[in-house]
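Step one of this worksheet: look at the structure below.
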Amino acid sequence: MADLNDMTLDKFKLWSVNALRVYLSLRKKSITGNFDEIAARAFIAWEENIAVDLVAEQQQMQLLAEYKAKLNIDGEIIEDPMTVSKGWLSEKVGMSKWPSLYIGDISEYLHTNQPKDLIRRVVNEYKEGKAYRYFTGEWVKEVFYHDISEISDKCVFKSSVTPSQAINNKAYTVWLVLRKDTKEILGGQVLQAYCSCTAGMLGSCNHIAGVLFRIEEAVKTGQTLKSCTSKPCEWTVPKKKTKVKAGRVSDFLLKKTSLSKLKVDKEKENEKAIKRRNFTPLRSAQQRSDSDSIRQDLYETLKDKLPDSCVTLLMEKRKPKSNIQEPSANMPPSLKDVARKITMSNCNDHEIMKTKLLNEVQLSDGQLNALEKGTTGQSESECWKEQRHGRITASNFHRISRRSQSLKENSDEDPSSVIGLVMGTSPVIQTVAMKHGISTEPIAKRSYHQEKKSEHKRFSVKECGMFCLKSDPYVSASPDL
């Protein structure tokens with residue numbers, strides 16, 4: 002900063018926005034507004050000789066310490082992305098270096114329970130729904146990539162995001178630190194994030210989530226796997242400045258973008274939106290402008306016949322009933338629990354133990370049904386994960402078959418790796434294909450349903466759990482639908 006003994010408005014205008022905000026914060030003055038307003042406010046504070054507030058100074062020192070702590074990631078101190086001017090790669094040049102960030106990584110970073118929960122929150126207009134529209138509405142600008150160094154396992158992304166309300170104000174700056182992809186391990190984990198907005202120090206604001214959604218979309222659609230010359234033309238870099246013209250609400254086309262919505266032609270989508278906006282089943286004489294009376298009439302019609310409908314719940318200010326099912330009494334014990342029980346029976350005869358095990362794992366029709374219903378959700382269900390241990394499944398059948406054949410040919414081979422796979426004691430190494438499949442599974446299911454619905458009357462699908470072979474209950478499969 003310049004010498005504060007002889008200041009003018011023009012000198013304050015030579016300062017950066019961050020410097021002006023620090024100056025005002027230390028004097029407990031507002032830091033909102035555009036650059037000219039902030040500079041003028043700083044000059045007025047200087048003219049009035051307003052002293053630095055000690056509490057504000059301590060808070061500013063604490064914020065600075067917190068920001069410096071953000072730059073220390075797993076013991077590696079990275080250079081402040083705000084001050085790095087060289088080495089940034091544009092989307093056209095650097096996209097092929099982007100790590101495999103998927104919805105699961107975003108979900109883990111934003112502390113939602115599962116990727117499906119995050120998708121549901123986006124679709125149902127929670128905070129993440131607004132963050133997703135930052136991306137689809139092109140408030141998130143071009144994302145730049147920095148390699149840090151060849152030996153570092155981390156990389157940095159930086160972008161700017163237009164404020165959703167005060168769009169003429171200076172755009173917020175967002176930077177992210179992600180784990181790189183390596184030959185051994187997939188990256189994409191979000192290690193650190195910062196935004197220059199008021200809530201950006203926490204690292205979980207909408208602007209940060211919006212940038213993450215832009216990176217995830219590029220990875221999910223295969224943009225990062227192609228060279229810049231073969232990249233599809235539909236991936237566009239947003240304009241640096243967002244221009245929005247004022248107008249009547251009735252002249253705007255309002256539509257909701259959705260993470261799980263299938264990609265469709267924009268012109269057709271707009272045409273459908275216009276038809277929906279203009280449609281009314283009422284004759285001119287029946288049309289009313291009083292929304293309260295319309296809502297009340299609808300409530301009176303539905304409250305007895307559909308007591309749990311959204312309209313009834315809204316008018317009666319009730320919450321919907323929970324859909325969480327209690328574990329069924331018929332749920333069989335896991336194979337691990339059965340094996341543990343037999344092992345503790347103090348029987349040393351392996352043949353007897355094997356016979357007991359095969360008898361204990363037999364399942365009735367009621368247990369098979371309870372097992373399928375109780376494991377719906379599959380990878381999101383702890384019961385499903387526990388019941389898989391010890392079973393031959395569709396995903397591990399090939400490896401088990403190959404190892405079984407090789408052991409017949411050479412009994413000296415070590416079977417520990419496949420045993421660890423079956424028993425769930427060895428970690429599963431996730432490939433790019435696996436990560437992509439898991440992250441895009443909800444969208445693939447929706448696509449399948451939409452396609453088959455047009456081919457068959459009254460076509461429907463539902464989520465399912467684990468199915469076991471009744472004659473050999475240690476053999477199972479978990480279909481996607």
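Numbering (the working numbering), first residue to last: 2 to 482. Beta carbons are placed, not taken as given, at the ideal position from N, Cα and C, and that holds for glycine.
Using only the alpha-carbon positions, how far apart do residue i and residue j sit?
{"i": "SER380", "j": "LYS342", "result": "26 Å"}
{"i": "LYS318", "j": "ASP298", "result": "17 Å"}
{"i": "SER461", "j": "ILE439", "result": "22 Å"}
{"i": "ASN347", "j": "VAL212", "result": "59 Å"}
{"i": "ALA132", "j": "SER26", "result": "28 Å"}
{"i": "LEU203", "j": "ARG134", "result": "21 Å"}
{"i": "LYS471", "j": "TYR146", "result": "53 Å"}
{"i": "SER31", "j": "LYS320", "result": "40 Å"}
{"i": "ILE78", "j": "SER160", "result": "21 Å"}
{"i": "THR225", "j": "GLU464", "result": "31 Å"}
{"i": "CYS557", "j": "VAL191", "result": "Here the chain comprises residues numbered 2 to 482, so residue 557 is not present and cannot be evaluated."}
{"i": "GLU151", "j": "ILE104", "result": "27 Å"}
{"i": "PRO333", "j": "LYS453", "result": "35 Å"}
{"i": "LYS221", "j": "HIS437", "result": "7 Å"}
{"i": "TRP99", "j": "ALA210", "result": "17 Å"}
{"i": "TYR24", "j": "GLY248", "result": "38 Å"}
{"i": "ASN397", "j": "GLN166", "result": "52 Å"}
{"i": "ASN19", "j": "ARG389", "result": "54 Å"}
{"i": "THR174", "j": "SER427", "result": "42 Å"}
{"i": "SER339", "j": "GLU361", "result": "First, the residue type needs correcting, since residue 339 is Val and not Ser in the sequence shown. If I take the Cα positions, the gap works out to 7 Å."}
{"i": "SER91", "j": "PHE136", "result": "17 Å"}
{"i": "HIS208", "j": "SER101", "result": "20 Å"}
{"i": "PHE280", "j": "ALA274", "result": "10 Å"}
{"i": "ARG404", "j": "VAL423", "result": "12 Å"}
{"i": "CYS384", "j": "SER294", "result": "48 Å"}
{"i": "ASP473", "j": "TYR300", "result": "53 Å"}
{"i": "VAL157", "j": "GLU456", "result": "47 Å"}
{"i": "ASP54", "j": "PHE214", "result": "40 Å"}
DSSP state of residue i, grouped into three classes?
{"i": "SER205", "result": "coil"}
{"i": "PRO233", "result": "Its pLDDT being 49, under 50, PRO233 is placed unreliably by the model, and nothing is read from it."}
{"i": "TYR1", "result": "Examination of residue 1 is not possible in this model, given that the chain is present from 2 through 482 alone."}
{"i": "ALA20", "result": "helix"}
{"i": "CYS469", "result": "strand"}
{"i": "TYR475", "result": "coil"}
{"i": "VAL141", "result": "strand"}
{"i": "LYS155", "result": "strand"}
{"i": "LEU364", "result": "coil"}
{"i": "SER285", "result": "helix"}
{"i": "LEU213", "result": "helix"}
{"i": "GLN166", "result": "coil"}
{"i": "ILE393", "result": "strand"}
{"i": "GLU77", "result": "strand"}
{"i": "SER150", "result": "coil"}
{"i": "LEU5", "result": "coil"}
{"i": "SER161", "result": "strand"}
{"i": "LYS14", "result": "coil"}
{"i": "HIS112", "result": "coil"}
{"i": "PHE253", "result": "coil"}
{"i": "VAL220", "result": "helix"}
How is the beta strand (DSSP E) around residue i delimited, first residue to last?
{"i": "HIS147", "result": "145 to 147"}
{"i": "LEU174", "result": "The question names Leu, but residue 174 is Thr in the sequence shown. Here the beta strand (DSSP E) through THR174 covers 173 to 180."}
{"i": "VAL191", "result": "191 to 196"}
Alpha carbons only, please: which of the options is nearest the one belonging to residue i?
{"i": "TRP176", "options": "CYS196, ASP182, ASN169, ILE168", "result": "CYS196"}
{"i": "TYR475", "options": "SER418, SER412, ALA395", "result": "ALA395"}
{"i": "VAL162", "options": "LEU358, ALA172, LEU359", "result": "ALA172"}
{"i": "THR237", "options": "LEU358, ALA66, LYS142", "result": "LYS142"}
{"i": "GLY95", "options": "TYR68, ALA219, SER407, ARG22", "result": "ALA219"}
{"i": "LYS12", "options": "ASP37, ARG28, THR33, LYS29", "result": "ASP37"}
{"i": "LEU10", "options": "GLU352, ASP148, ALA46, VAL419", "result": "ALA46"}
{"i": "ILE216", "options": "ILE107, MET62, ARG249", "result": "ILE107"}
{"i": "THR84", "options": "SER91, LEU72, LYS93", "result": "LEU72"}
{"i": "PRO239", "options": "LEU336, TRP140, ASN331, LEU179", "result": "TRP140"}
{"i": "ASN170", "options": "LYS244, CYS156, LEU179", "result": "LYS244"}
{"i": "THR183", "options": "ARG296, SER153, THR281", "result": "SER153"}
{"i": "SER418", "options": "ASP366, THR344, ARG400", "result": "ARG400"}
{"i": "SER17", "options": "LEU5, GLN60, ASP7, ALA40", "result": "ALA40"}
At which residues does the alpha helix (DSSP H) containing residue i begin and terminate?
{"i": "SER31", "result": "Looking at the DSSP string, SER31 is not in any alpha helix (DSSP H), and its letter there is neither H nor E."}
{"i": "VAL423", "result": "417 to 424"}
{"i": "PRO443", "result": "433 to 454"}
{"i": "MET62", "result": "55 to 71"}
{"i": "HIS457", "result": "HIS457 -> no alpha helix (DSSP H), and no H or E assigned at all."}
{"i": "SER402", "result": "398 to 410"}
{"i": "GLY95", "result": "92 to 95"}
{"i": "ALA40", "result": "36 to 48"}
{"i": "ARG319", "result": "Looking at the DSSP string, ARG319 is not in any alpha helix (DSSP H), and its letter there is neither H nor E."}
{"i": "LEU336", "result": "336 to 344"}
Is there contact here, the region 429 to 448 with the region 180 to 188, by at least three beta-carbon pairs under 8 Å? yes
Between the region 348 to 359 and the region 380 to 394, are three or more C-beta pairs nearer than 8 Å? no
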